[in-house]
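For reference, the structure discussed in these notes is given below.
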Amino acid sequence: MRTFEYHAPTSLNEAISLLQEHGEAARPLAGGTDLVVQMKEKATKFAAPSHIVSLLRVPELSGVSFSESEGLRIGAGATMSQVADSPIIRERYRAIAEGAALVGSIQTMNMATVGGNLCNAAPSADIAPPLLAFEAEAVIVGPSGRRKLALEEFFLGPGKTALAADELLAEVRVPLPPPGMGSAYDRHTPRKQMDIAVVGVAAALTMAGERIERARVALGAVAPTPVRAPQAEAALEGQAPSDELFARAADVSAAECSPIADLRGSAEFRRHIVRVMTKRMLREALDRARSG
Amino acid sequence: MPKQLITLIVNGRRTEVAVEPRWTLLEMVREELRLSGSKEGCGTGDCGACSMIVDGRLVTSCLMLATQVDGRDVVTIEGLAKNGRLHPVQQAFIDTGGVQCGFCTPGMIMAAKSLLDRTPSPTLEEVREGLAGNLCRCTGYAKIYEAVMHAANAGK
Chain Z
112 MRTFEYHAPT
122 SLNEAISLLQ
132 EHGEAARPLA
142 GGTDLVVQMK
152 EKATKFAAPS
162 HIVSLLRVPE
172 LSGVSFSESE
182 GLRIGAGATM
192 SQVADSPIIR
202 ERYRAIAEGA
212 ALVGSIQTMN
222 MATVGGNLCN
232 AAPSADIAPP
242 LLAFEAEAVI
252 VGPSGRRKLA
262 LEEFFLGPGK
272 TALAADELLA
282 EVRVPLPPPG
292 MGSAYDRHTP
302 RKQMDIAVVG
312 VAAALTMAGE
322 RIERARVALG
332 AVAPTPVRAP
342 QAEAALEGQA
352 PSDELFARAA
362 DVSAAECSPI
372 ADLRGSAEFR
382 RHIVRVMTKR
392 MLREALDRAR
402 SG
Chain Y
15 MPKQLITLIV
25 NGRRTEVAVE
35 PRWTLLEMVR
45 EELRLSGSKE
55 GCGTGDCGAC
65 SMIVDGRLVT
75 SCLMLATQVD
85 GRDVVTIEGL
95 AKNGRLHPVQ
105 QAFIDTGGVQ
115 CGFCTPGMIM
125 AAKSLLDRTP
135 SPTLEEVREG
145 LAGNLCRCTG
155 YAKIYEAVMH
165 AANAGK
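Chains Z and Y, in that order, give the protein sequences.
Letter by letter, the first sequence follows residues 112 to 403 of this note's numbering.
Letter by letter, the second sequence follows residues 15 to 170 of this note's numbering.
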């Protein structure tokens with residue numbers, strides 16, 4: 112690894128000042144499971160940083176909290192383990208817990224943070240589709256204060272986000288799920304553990320009696336960013352759930368995504384998997400919505 | 015870059031170390047503290063040979079900067095034996111022959127210890143999941159899983 116100066120700010124303001132002072136030469140560091148690997152391989156998606164700003168001691172970034180009025184707050188520094196093990200997330204935001212539980216090994220889950228997974232902006236980030244399905248918002252802090260952005264608008268492309276060099280993702284806000292909502296996330300990988308999603312699908316269904324009142328479908332690894340599948344959602348809303356309906360919606364989501372071909376799979380294979388997984392996640396979300 | 019002084023607990027003992035900012039926790043422990051039990055396999059967090067326990071949580075020390083453990087509690091493979099007696103997980107690896115070339119063994123044992131701390135009576139599936147981040151190039155997994163199940167039963 113090339114040498115750099117290490118900073119360990121103890122407040123969000125101090126961290127922002129450091130980023131402002133050092134500009135493009137600085138990089139924020141959280142769990143290190145993406146950044147340190149890139150720095151070692153000299154394969155950073157940016158110039159090798161000469162200043163590392165560790166976010167480990169910034170208290171504003173830590174933890175998970177929930178209230179019935181405000182919904183869920185996930186600090187950018189919350190680890191995948193904290194999210195996967197959080198009782199409230201497992202109970203009310205199940206797909207998010209499922210996404211976090213799929214990120215790498217136990218070791219990775221203990222180090223990798225939600226903020227890091229989102230800011231690294233891999234199209235395959237497992238935490239992203241579930242957060243999109245729950246319509247999460249990114250809370251961004253910079254020198255001029257806080258701003259909120261729908262998570263969909265946070266991702267600009269592979270490795271690219273809406274963050275300026277002197278801004279940090281501070282937390283993710285997830286609205287209170289309505290009663291009658293069920294959610295699910297899973298991904299396809301050749302190996303069960305320690306792999307990167309070939310395709311990831313999150314679904315969230317809100318039932319009003321026997322009709323789907325609201326449907327959210329979000330896809331990973333089949334577009335330059337994690338994406339919602341709005342046409343599939345529209346095909347589901349207002350309808351009575353059935354295998355035929357889910358098959359139709361799955362066809363729509365396979366058609367509206369834009370996968371690439373790489374060593375993990377051809378574009379055609381990915382579309383096929385989107386179809387299979389969308390059906391599967393819709394059924395799972397429906398079961399969960401019905402069992403409350 | 016000038017060295018930076020950090021204070022941490024290593025295997026129960028308070029330690030001060032002057033570290034270069036670019037050193038990983040693994041480099042500091044091996045090269046500076048001369049505790050060479052933890053191994054560097056891949057250096058990218060995939061193989062688990064460098065696994066250590068930081069503040070009670072299993073991590074890959076090749077991806078953690080030494081500066082990041084300032085003020086924290088680190089346990090390495092050298093910290094498991096107590097008063098000349100091996101930790102039950104270490105003894106189980108010997109008793110069941112869960113060791114071949116030995117390179118993955120320290121990481122495997124740290125991961126197994128961490129698993130049993132969280133889940134004292136794991137199923138075989140839970141053992142496989144708990145050790146998914148640790149690779150054995152000799153592919154001696156069957157005996158390794160057996161060792162962990164054995165240690166779990168011995169702990170009852």
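Ideal placement from N, C-alpha and C gives every residue a C-beta, glycine not left out.
(message) Which runs of the beta strand (DSSP E) at least 3 residues long sit entirely within the stretch 129–203 of chain Z? Give them in chain order.
(response) 137–140, 162–165, 175–178, 182–186
(message) Per the DSSP calculation, Z/Arg266 is bridged to which residue(s)?
(response) In the first sequence, counting from the first residue as 1, residue 266 of chain Z sits at position 155. Here the sequence assigns Phe to residue 266 of chain Z, which means Arg is not the residue at that position. According to DSSP, which records beta bridges pairwise, Z/Phe266 is partnered with Z/Thr272.
(request) Look at Z/Ala315 and Z/Arg327 and say whether their C-beta atoms are less than 8 Å apart. (result) Taking the first sequence and counting its residues from 1, the one referred to as residue 315 of chain Z is at position 204. Taking the first sequence and counting its residues from 1, the one referred to as residue 327 of chain Z is at position 216. Contact: yes.
(request) Count the other C-beta atoms from every protein chain shown that fall within 10 angstroms of the C-beta of Z/Gly268, then say buried if there are 16 or more, exposed otherwise. (result) Here residue 268 of chain Z is taken as the residue at index 157 of the first sequence, counted from 1. Exposed, since its Cβ has fewer than 16 Cβ neighbours within 10 Å.
(request) Closer than 8 Å, Cβ to Cβ, to anything on chain Y: give me those residues from the stretch 198–220 of chain Z, in chain order. (result) Of all residues in the stretch 198–220 of chain Z, Gly215, Ser216, Ile217, Gln218, Thr219 have a Cβ within less than 8 Å of some Cβ in chain Y.
(message) Just verifying my parser: in three-state terms, what is the DSSP assignment at Y/Gly147?
(response) Taking the first residue of the second sequence as 1, we reach residue 147 of chain Y at position 133. Here Y/Gly147 sits in coil by DSSP.
(request) Would you please state the rounded distance, in angstroms, between the beta carbons of Z/Leu130 and Z/Val169? I believe it to be under 8 Å. (result) Mapped onto the first sequence, residue 130 of chain Z falls at position 19. Mapped onto the first sequence, residue 169 of chain Z falls at position 58. In fact, because the Cβ distance is near 12 Å, the residues do not count as touching under 8 Å.
(request) Going by CA-CA distance only, name the one from Z/Ser294, Z/Pro240, Z/Pro139 that's closest to Z/Ala119. (result) As a first step, residue 119 of chain Z is located in the first sequence; it is residue number 8 there, counting from the start. It is Z/Pro139.
(message) I'd like the list of long-range same chain contacts for Z/Ser180, defined as Cβ closer than 7 Å, with 5 residues on each side in sequence excluded.
(response) As a position in the first sequence, residue 180 of chain Z is number 69, starting the count at 1. For Z/Ser180, where only same-chain residues beyond five positions count, there are no Cβ hits under 7 Å.
(request) List the residues that DSSP assigns as beta-bridge partners of Z/Ser294. (result) For the purposes of this step, residue 294 of chain Z is identified with residue 183 of the first sequence, where counting begins at 1. BP columns for Z/Ser294 point to Z/Ala315.
(request) Reducing DSSP to helix, strand and coil, say where Y/Met122 ends up. (result) In the second sequence, counting from the first residue as 1, residue 122 of chain Y sits at position 108. Looking at Y/Met122 - three-state DSSP - the assignment turns out to be helix.
(message) What does the alpha-carbon distance come out to for the pair Y/Asp84 and Z/Met150?
(response) As a working mapping, residue 84 of chain Y is identified with position 70 in the second sequence. As a working mapping, residue 150 of chain Z is identified with position 39 in the first sequence. Looking at the two C-alpha atoms, the distance is approximately 21 Å.
(request) Could you list which residues in chain Z have their beta carbon closer than 7 Å to that of Y/Gly62, in chain order? (result) Stepping through the second sequence from its first residue, residue 62 of chain Y is reached at position 48. Simply Ser216, Gln218.
(request) Just confirm the distance between the C-beta atoms of Z/Gln304 and Z/Ser173, as a whole number of angstroms; I'd bet it's less than 8 Å. (result) Locating residue 304 of chain Z in the first sequence gives position 193, counting from the first residue. Locating residue 173 of chain Z in the first sequence gives position 62, counting from the first residue. Contact annotation, Z/Gln304 with Z/Ser173: C-beta distance approximately 27 Å; criterion of less than 8 Å not satisfied.
(request) Please state if the CB of Z/Val285 and the CB of Z/Leu183 are separated by a distance shorter than 8 Å. (result) Against the first sequence, residue 183 of chain Z aligns to sequence position 72. Against the first sequence, residue 285 of chain Z aligns to sequence position 174. Against a cut-off of 8 Å, the Cβ pair of Z/Val285 and Z/Leu183 comes out as a contact.
(request) Over the uninterrupted alpha helix (DSSP H) stretch that includes Z/Arg386, give me the two end residues. (result) The count along the first sequence starts at 1 and reaches residue 386 of chain Z at position 275. 378–401 is the extent of the alpha helix (DSSP H) around Z/Arg386.
(message) Give me the chain Y residues within the contact set of Z/Val147, using Cβ-Cβ distance strictly less than 9 Å, ordered along the chain.
(response) Translated into positions along the first sequence, residue 147 of chain Z becomes position 36. Going along chain Y in sequence order, the residues near Z/Val147 (Cβ under 9 Å) are Thr38, Thr58, Gly59, Cys76, Leu77, Met78, Leu79.
(request) Report, in whole angstroms, the separation of the C-beta atoms of Z/Ala273 and Z/Phe265, which I expect to be a contact under 8 Å. (result) Locating residue 273 of chain Z in the first sequence gives position 162, counting from the first residue. Locating residue 265 of chain Z in the first sequence gives position 154, counting from the first residue. Their Cβ separation, rounded to whole angstroms, is 5 Å, which keeps Z/Ala273 and Z/Phe265 in contact under 8 Å.
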